[in-house]
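Those protein sequence lines, which keep their order, are chains A and B. Its first residue numbered 93, the first sequence is counted upward by one per residue in the numbering used here. Its first residue numbered 13, the second sequence is counted upward by one per residue in the numbering used here. Structure first, commentary second.
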Amino acid sequence: AQRVTQPEKLLSVFKGAPVELKCNYSYSGSPELFWYVQYSRQRLQLLLRHISRESIKGFTADLNKGETSFHLKKPFAQEEDSAMYYCALRLGYSSASKIIFGSGTRLSIRP
Amino acid sequence: GAVVSQHPSWVICKSGTSVKIECRSLDFQATTMFWYRQFPKQSLMLMATSNEGSKATYEQGVEKDKFLINHASLTLSTLTVTSAHPEDSSFYICGAGAPGFDTEAFFGQGTRLTVV
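In structure tokens form, the structure reads like this:
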């Protein structure tokens, strides 16, 4: 069965410290993975996707098919990074393909 | 990015009544819309996927007669919670996608439904 697992409900780090939010997936097909972020009182927005291999706001994520992981990393956390982060798996490569989400990790950056 | 708007942002209704939630794509034509339900401190659970002009595809365990989804146009999808009960109280989020945006989906701000 398809599944996205984010083991940490809450991650709290100091400003300037490295951040890693874990995401593991289970899917028999070719995965398309995303990280979405939800800032306080705002809607979900796309942070990055694995196929674009880009860095957004200093965040990167590498798809590791062997470990079925797509961890989100940032070398130096900033206070404005505090938000809810969701890892998501798209079951196909079309805009009509379903998207399933992990349970989310709340990232809290301490000053 | 493209904008998706939900209306209302919050609604309170009496048990046994029906309530409709609208999801509009404001600046693009959404060929596909997704409806999610989010319980407090939990993840988004996909309820159904709808493509314009065709019947919605519901996820296992979601009652299609309870949660009526209509996607009559490329800019509007509606979710009607029929004969609502307190256990239907939740946060409902819609997402929309279109081929022009590759596989990125855009999400509404959500609707908080409280059934009393």
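Where a beta carbon is used, it is the ideal one built from N, C-alpha and C, also for glycine.
Mark residue i as exposed unless 16 or more other C-beta atoms lie within 10 angstroms of its C-beta, in which case mark it buried.
i: B:Lys26; result: exposed
i: A:Phe131; result: Sequence check: residue 131 of chain A is Tyr here, not Phe. Per the 10 Å Cβ criterion, exposed.
i: B:Val128; result: exposed
i: B:Trp47; result: buried
i: B:Asp77; result: exposed
i: B:Gly107; result: buried
i: B:Gln18; result: buried
i: A:Gly194; result: buried
i: A:Arg145; result: exposed
i: A:Arg95; result: exposed
i: A:Lys166; result: buried
Where do the ends of the beta strand (DSSP E) carrying residue i lie?
i: B:Phe113; result: From DSSP, B:Phe113 is part of no beta strand (DSSP E); its letter is neither H nor E.
i: A:Gln137; result: 137 to 141
i: A:Cys179; result: 175 to 182
i: B:Gln50; result: 44 to 50
i: A:Ile192; result: 191 to 193
i: A:Glu100; result: Element bounds for A:Glu100: n/a, residue is neither H nor E.
i: B:Ala60; result: 56 to 63
With a cut-off of 8 Å on the beta carbons, I'd call residue i and residue j a contact; round off their distance for me.
i: A:Phe106; j: A:Ala180; result: With 8 Å as the limit, A:Phe106 and A:Ala180 do not qualify as a contact, their Cβ atoms being about 28 Å apart.
i: B:Thr29; j: B:Ala96; result: 6 Å
i: B:Ile81; j: B:Ser62; result: 5 Å
i: A:Gln98; j: A:Gly196; result: 6 Å
i: A:Tyr185; j: B:Thr115; result: 6 Å
i: A:Phe151; j: A:Leu139; result: 6 Å
i: A:Leu164; j: A:Ala175; result: With a Cβ gap of about 11 Å, A:Leu164 and A:Ala175 do not count as contacting.
i: A:Ile148; j: A:Glu124; result: Contact flag wrong, Cβ pair sits at about 17 Å.
i: A:Ala188; j: B:Thr43; result: 7 Å
i: A:Lys190; j: B:Leu58; result: 6 Å
Would you say residue i reaches chain A, if we count a Cβ-Cβ gap shorter than 7 Å as a contact?
i: B:Asn63; result: yes
i: B:Glu116; result: yes
i: B:Leu56; result: yes
i: B:Phe119; result: yes
i: B:Ala108; result: no
i: B:Pro111; result: yes
i: B:Thr123; result: no
i: B:Thr44; result: yes
Does any C-beta atom of chain B lie closer than 7 Å to the C-beta of residue i?
i: A:Phe193; result: yes
i: A:Trp124; result: Checking the sequence shown, residue 124 of chain A turns out to be Glu, not Trp. It does: the Cβ of A:Glu124 has a partner Cβ on chain B nearer than 7 Å.
i: A:Arg182; result: yes
i: A:Gly205; result: Absent from the model: residue 205 of chain A. The displayed extent of chain A is 93 to 203, so no value can be given.
i: A:Arg145; result: no
i: A:Ala188; result: yes
Which residue or residues does DSSP assign as beta-bridge partners of residue i?
i: B:Val16; result: B:Ser37
i: A:Gln130; result: A:Met176
i: B:Leu86; result: DSSP, once it has assigned bridges, lists no residue as partnering B:Leu86.
i: A:Phe168; result: Beta-bridge pairing links A:Phe168 to no other residue.
i: B:Val31; result: B:Val93
i: B:Cys25; result: B:Val127
i: B:Tyr104; result: B:Arg49, B:Thr123
i: A:Arg202; result: A:Phe106
i: B:Val74; result: Note: B:Val74 sits in no beta bridge, so no partner.
i: A:Ser161; result: A:Asn116, A:Asn156
i: A:Glu146; result: Answer is none; A:Glu146 lacks a bridge partner.
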